[in-house]
Amino acid sequence: MIWKIEYNKEAVRNLEKISTSDRNKIFKGIEALKENPDLGKQLVGPLKGLRSLRVGNYRVIYKKELNTIIIIILAIGHRKNIYKI
Numbered sequence: 033m034i035w036k037i038e039y040n041k042e043a044v045r046n047l048e049k050i051s052t053s054d055r056n057k058i059f060k061g062i063e064a065l066k067e068n069p070d071l072g073k074q075l076v077g078p079l080k081g082l083r084s085l086r087v088g089n090y091r092v093i094y095k096k097e098l099n100t101i102i103i104i105i106l107a108i109g110h111r112k113n114i115y116k117i
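With positions in the sequence shown counted from 1, the corresponding number in my numbering is that position plus 32.
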């Protein structure tokens, strides 16, 4: 099953701040989510219900909408501060 990917506004703003080479790696990781949306690890605590995909030093925070087969990319950022959303 192929999942559809959607980006929220914050994720798009985050991407604009990342270098082109890192951005390309992130896009490849996100493309892999279309085939396997469980690639990222489940988050706990206040971020429970979300998942985090590791791409080098960057993390892609996303959630799966099971009813509509959509993955919503919520935030993208460096691993040091991405979990402060």
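Just so you know, even glycine gets a beta-carbon here, dropped at the ideal spot from N, CA and C.
Measure the CB-CB distance between residue i and residue j and report whether it falls below 9 Å.
i	j	result
GLY66	ILE34	Before going further, note that residue 66 is Lys rather than Gly in the sequence given. In this structure, ILE34 lies closer than 9 Å to LYS66 by Cβ.
ILE37	LEU47	no
GLU63	ALA107	no
GLU97	ILE103	yes
ASN89	ARG111	yes
For residue i, which of helix, strand or coil comes out of DSSP?
i	result
VAL87	strand
VAL76	coil
GLY61	helix
Would you grab the beta carbon distance between residue i and residue j for me? Rounded to a whole angstrom, and I think it's under 8 Å.
i	j	result
ARG91	ILE114	4 Å
Residue i: buried (16+ other C-beta within 10 angstroms of its C-beta) or exposed?
i	result
PRO69	buried
ILE101	exposed
ARG45	exposed
With which residues is residue i paired in a DSSP beta bridge?
i	result
ALA107	ILE93
ILE102	LYS36, GLU97
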